[in-house]
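Undergrad: Each residue of the sequence shown is one higher than the one before, counting from 2 in the working numbering. Below is a structure I'd like to ask you about.
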Amino acid sequence: QLHTQRINSHSTNSHHTMMSMAGAPQPAAPGVPAAAAPQVASNVHRRMKPEDSAGHITVSDPVQHSEGMQKYTSYRVDVRPPTPQPGVQQDVMLNHATTNFSAVLRRYSDFLWLYERLHLERAGAIVPPLPEKQPVGRFSAAFVEDRRSRLELFLRRLAVHPELADAACLDTFLRADDMTFAAAKQIKGKAGVVNLAASTTFAPHHHQQMPMARPPQKDGFKRWFAETKTSISGDLVKSPDDDLFEEIQRYVHGLDTQMKNVSQQSSNLVRKGKEIANGLFEFGLAFSLLGQSEADALGDALGKLGSTADQLSVLSGEHANREVAHLEEPLQDYIKLIHAAKLALQRRHEKRLSYSTCLASVESKQTTLAKLRATPGSEAKAYSTEMSLRKAQEAAEAAREDFAVVSQRVLREVDRFKREKAEEMRLTVLDYIQLQVEYNHKMEQVWSGLIPQLERVQLDSNSQASAAPGPAMAPAPQPTFLGNPQAAVPQPTYNDPSMISVQYREPPSGPL
């Protein structure tokens, strides 16, 4: 009952926070306020993804808390029985943990615990990435909302993950009350577990080192030292799949390098698109001011050109934002998944190192036991060493089985990664091409509509502008300057009689 009251109180207190987020201004195109950008119809629709079948898992109601000097944000995590949705195939791997109703409160550190625990319980699995940490500005409405949506995506990906959907730590995270969950977090992992907290922060265009195992506490220090010694000596156990895993390692490393380059160039392209939006705005402003300095039909035509360029600046700014959503962000997410595949391969290497260390320990104890048995009066030491040898043999057998399980899991995960990400990349490229086709078609339509208006403008012999016979051209409206309303300049008026109009005239023929 206390747990339910805490959930309800959290939802009530979060109403004001969510309302303020709903009214928070969204990022606008450079030089173009979001309120002024027109809605542009598009044939590019959001594709259905595997995680969409886990839409019954939601993360909502972010609320900020203060406990002494500490300040954090909590989120409400709801799991509701999934309802059939048209066009969405329900995944058969959803287990009871993600289909029974539950509502809990979790903070970012709880999600981080789940991420690290999954690497421990299901070593070798490609764990979906968490949103990165941010030490500054992490309580702003825009950042909190962005983190909320990414945490929700993280849980939905786990719910449909073939290797992680039935993990015990995921069930605990989604269903345990506060006391049970706090007790579960106190359970320490195995000795020598890799600390993955630093690896959750992702820099898309910088080289990242694989996280190294930290030395455990006193009880595991000897084992850590033995594994380090084995790793330095390079005396690792051999397996028939070593060549295959070396090939996978090269493939993942090469893919990571190439994708970072593609992502960098895509980001440069998006940035240039935003610069084009700014350039069109300045271009339109210049022609509008030029049109105001002219009279008759020529000034109206130049004003039309300025207004058209201002419209195109809005269209270009919106197109750049859509490129971010349909190209830049998917590529960055792809790179994060490549990094997750690297971590899976690293987990397999750690299991191999542990197995090699156990075999070395067994061999060392066998040698020691043989010497003790050959030494008279060392029966007691020989018996103790024999018991220690049996334990070492049992540990080696467990390490061998663990190494085999992790190796097979890595092979399954890499195969799934290749299939799914190849299709995802193909669809991302198709979306980008469709965006470019639509954008250039709209640009062509806007420019084409301006040509007939300029063609109707003729100049007489005295350079006076007049409209050609034909359909009357409506006076050009004063430019609204969607990108910068304050930039509009009133049309100058010449009421002073002393101001005269100077026009070029041909010199009279004949002698002066």
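All residues carry an ideal CB built from backbone N, CA and C; glycine is no exception. On a predicted model such as this, the values are computed, not experimentally measured, just so you know.
Can you pull the DSSP bridge partners for Q65?
TA: Q65 pairs with T74.
Undergrad: Compute the Euclidean distance between the alpha carbons of S54 and R417, then round it to the nearest angstrom.
TA: The alpha-carbon atoms of S54 and R417 are separated by roughly 18 angstroms.
Undergrad: Rounded to whole angstroms, what is the Cα-Cα separation between A169 and M388?
TA: Their backbone Cα atoms lie some 34 angstroms apart in a straight line.
Undergrad: A166 and A177 look like a contact to me (Cβ under 8 angstroms); what is the Cβ gap, rounded to whole Å?
TA: Actually they are not in contact, since the Cβ atoms of A166 and A177 sit about 17 angstroms apart, beyond 8 angstroms.
Undergrad: Apart from the five residues on each side of it in sequence, which residues of its chain come closer than 7 angstroms, Cβ to Cβ, to P241?
TA: Same-chain partners within the cutoff: there are none.
Undergrad: For the beta strand (DSSP E) containing S103, name the first residue and the last one.
TA: Start and end: 103-108.
Undergrad: With C-beta atoms as the reference, is Q454 less than 7 angstroms away from K305?
TA: Closer than 7 angstroms, so yes.
Undergrad: If you count every other CB in all the chains shown that lies within 10 Å of the CB of T429, and 16 or more means buried, which is it?
TA: That one is buried.
Undergrad: Quick check: what's the CA-CA separation for G519 versus S264?
TA: Residue 519 cannot be examined here, being either before or after the span of the chain that is shown, 2 to 513.
Undergrad: Count the other CB atoms, across all protein chains shown, that sit within 10 Å of the CB of W448; report buried if there are 16 or more and exposed otherwise.
TA: The residue is exposed, with fewer than 16 neighbouring Cβ atoms inside 10 Å.
Undergrad: Which residue spans inside the segment 390-474 form an unbroken beta strand (DSSP E) run of at least 3?
TA: Counting whole runs of 3 or more residues, the segment 390-474 contains the beta strand (DSSP E) stretches 458-460, 466-468.
Undergrad: Counting along the chain, where does the alpha helix (DSSP H) carrying F174 start and finish?
TA: From DSSP, the alpha helix (DSSP H) with F174 extends over 169-176.
Undergrad: What first and last residue would you give for the alpha helix (DSSP H) that runs through H350?
TA: Element bounds for H350: 330-374.
Undergrad: Determine, using beta carbons only, whether I127 and A342 come nearer to each other than 7 angstroms.
TA: Yes; because the gap between Cβ atoms is below 7 angstroms, this pair is in contact.
Undergrad: Using the rule of at least 16 other Cβ atoms within 10 Å of the residue's Cβ for burial, across every protein chain shown, is L346 buried or exposed?
TA: Buried, because 16 or more other Cβ atoms sit within 10 Å of the Cβ of L346.
Undergrad: Applying the 10 Å Cβ sphere with the 16-neighbour rule, what's the burial state of A393?
TA: A393 should be labelled buried.
Undergrad: In the DSSP output, which residue or residues are listed as bridge partners for I249?
TA: According to DSSP, which records beta bridges pairwise, I249 is partnered with nothing at all.
Undergrad: Which residues mark the beginning and the end of the alpha helix (DSSP H) in which E164 is found?
TA: That residue, E164, is in no alpha helix (DSSP H); it is neither H nor E in DSSP.
Undergrad: Which residue's Cα is closest to the Cα of H350: A298, T59, D403?
TA: That would be D403, whose Cα lies nearest to the Cα of H350.
Undergrad: Taking the alpha-carbon of Y76 as reference, which of E146, K134, S141 has the nearest alpha-carbon?
TA: Nearest option by C-alpha distance: E146.
Undergrad: Looking only at DSSP bridge pairs, what is I277 linked to?
TA: DSSP lists no partner for I277.
Undergrad: Give me the Cβ distance between L360 and A397, rounded to the nearest whole Å; I'm assuming they're in contact under 8 angstroms.
TA: Yes, L360 and A397 are in contact; Cβ-Cβ is about 6 angstroms, under 8 angstroms.
Undergrad: Between S67 and R108, what straight-line distance do the alpha-carbon atoms span, to the nearest angstrom?
TA: C-alpha separation (whole angstroms): 13 angstroms.
Undergrad: Nearest by alpha-carbon distance to E153: which of E164, E414, H57 is it?
TA: Nearest of E164, E414, H57 to E153, Cα basis: H57.
Undergrad: Quick one: give me the first and last residue of the alpha helix (DSSP H) that R323 is part of.
TA: Residues 297-324.
Undergrad: Note the first and the last residue of the continuous alpha helix (DSSP H) segment covering F242.
TA: The amino acid occupying residue 242 in the given sequence is Asp; Phe does not appear at that position. Note, D242: premise wrong, no alpha helix (DSSP H); not H, not E.
Undergrad: Reducing DSSP to helix, strand and coil, say where V128 ends up.
TA: Of the three classes helix, strand and coil, the one that applies to V128 here is coil, per DSSP.
Undergrad: Please tell me whether K419 and P130 are closer than 7 angstroms, where the distance is taken between their beta carbons.
TA: No, the Cβ-Cβ distance between K419 and P130 is not below 7 angstroms.
Undergrad: Using three-state DSSP, classify V145 as helix, strand or coil.
TA: Correct three-state label for V145: helix.
Undergrad: Report the residue from Y356, Y384, G378 whose alpha carbon sits nearest the alpha carbon of Q367.
TA: Among Y356, Y384, G378, the Cα nearest to that of Q367 belongs to Y384.
Undergrad: State the Cα-Cα distance for the pair A375 and T386, rounded to the nearest angstrom.
TA: Distance between the alpha carbons of A375 and T386: 13 angstroms.
Undergrad: Quick one: using the 10 Å Cβ neighbour count with 16 as the cut-off for buried, is K72 buried or exposed?
TA: Classification of K72: exposed, given that the 10 Å Cβ count is below 16.
Undergrad: For P51, I'd like the list of residues in its chain whose CB is within less than 6 angstroms of its CB, leaving aside the five on either flank, ordered along the chain.
TA: Excluding residues within five positions, the ones whose Cβ falls inside 6 angstroms are V161.
Undergrad: Take Q250 and list the residues in its own chain whose beta-carbon comes closer than 8 angstroms to its own, dropping the five residues that flank it on each side.
TA: So the list reads L346, once near-sequence residues are dropped.
Undergrad: Between which two residues does the alpha helix (DSSP H) carrying F182 extend?
TA: It spans 179-186 - the alpha helix (DSSP H) in which F182 sits, taken as one unbroken run.
Undergrad: How many angstroms separate the CA atom of A475 from the CA atom of R457?
TA: For A475, the predicted structure reports a pLDDT of 48, less than 50, and the residue's modelled location is therefore unreliable. A value from the coordinates is still provided. Cα to Cα, A475 sits roughly 12 angstroms from R457.
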